[in-house]
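> Take 730 as the starting number for the sequence shown in the working numbering and just add one per residue.
Got a structure for you, questions after.
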Amino acid sequence: MSAFRNFIESYVRLPDEEWKVIADVLTPVEYKRNEIILQAGEVCRFFGFLEKGLLRYFVEHDGSEVTKFFTVAPYCFTSAYSFRNQVPATESIQALEHSVVYTISLKNADLLLELKHWAVFTRKFTQEVQYQTEQLMMEAKTTPATERYKLLMENYPGIIQRIPLKHLSGFLGIAPQSLSRIRKNYIRDLRK
730 MSAFRNFIES YVRLPDEEWK VIADVLTPVE YKRNEIILQA GEVCRFFGFL
780 EKGLLRYFVE HDGSEVTKFF TVAPYCFTSA YSFRNQVPAT ESIQALEHSV
830 VYTISLKNAD LLLELKHWAV FTRKFTQEVQ YQTEQLMMEA KTTPATERYK
880 LLMENYPGII QRIPLKHLSG FLGIAPQSLS RIRKNYIRDL RK
């Protein structure tokens, strides 16, 4: 649980009394490898902090799964629109490996907004996620898959080995065979 406090404090200094209020509303949950945390069509009832593990967001399109993005611990996650508006989620969230999560209900999330430092944290975190989403969308439209793979390797060096090839290729929008070729060329270029 201290990882969550450290995460919050990477955005704003958190007084002990506020942390105690936050800690009191956290519910720990563990998910097994490949377990679905949220199924598309269900209402998301939590805001989560991923203390340990790796998550995948995906949608169904033309009968196959399309990976939208990944969440790597330590980080917060939810299906934002579904959670805030209590409507069915458009995406599913899956644990790609054993994951430890702390959840906060909508009712408690609303109550926590009365805490000055929590409110600052949520505003800054939301802005960061918005920026990252815009970057992902722009990169998907303007950056070749080879470059996006290199960016993943540079920004998240340990993640590539933890993600199954089919999910990574789906995220990059290419066939698994193309990803194998990109990986091979990337490793070859590193050795030069």
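C-beta: ideal position from N, C-alpha, C; glycine also.
Please classify Y740: does DSSP put it in a helix, a strand, or coil?
In the structure shown, Y740 sits in coil (DSSP, three-state: anything other than H, G, I, E or B).
> Rounded to whole angstroms, what is the Cα-Cα separation between L842 and K836?
Roughly 10 Å separates the two Cα atoms.
> For K761 and L784, I'd like the C-alpha separation in whole angstroms.
If I take the Cα positions, the gap works out to 11 Å.
> Hey, out of S898, A874, G777, K845, whose CA is closest to E747's CA?
When each option's Cα is compared against that of E747, the closest is K845.
> Kindly indicate the opening and closing residues of the alpha helix (DSSP H) around P905.
Where P905 is concerned, the enclosing alpha helix (DSSP H) stretches over 905-920.
> Restricting to Cα atoms, I'd like to know which of K913, K853, T862, I833 is closest to Y878.
Among K913, K853, T862, I833, the Cα nearest to that of Y878 belongs to K913.
> With a floor of 4 residues, list each alpha helix (DSSP H) that falls wholly inside the region 825-866, ordered by position along the chain.
With a minimum length of 4 residues, the continuous alpha helix (DSSP H) runs that stay inside the region 825-866 are 835-841.
> Is the region 774-781 in contact with the region 803-820, if contact means three or more CB pairs nearer than 8 Å?
Short answer: they touch.
> By how many angstroms is the C-alpha of L825 removed from the C-alpha of M882?
Using only the alpha carbons, I get a separation of about 18 Å.
> Take G899 as the anchor and find which of E794, T851, I888, F733 has the nearest alpha-carbon.
Residue E794 is the option with its Cα nearest to G899.
> Just to confirm, are V772 and E820 a CB contact at a threshold of 8 Å?
Against a cut-off of 8 Å, the Cβ pair of E820 and V772 comes out as no contact.
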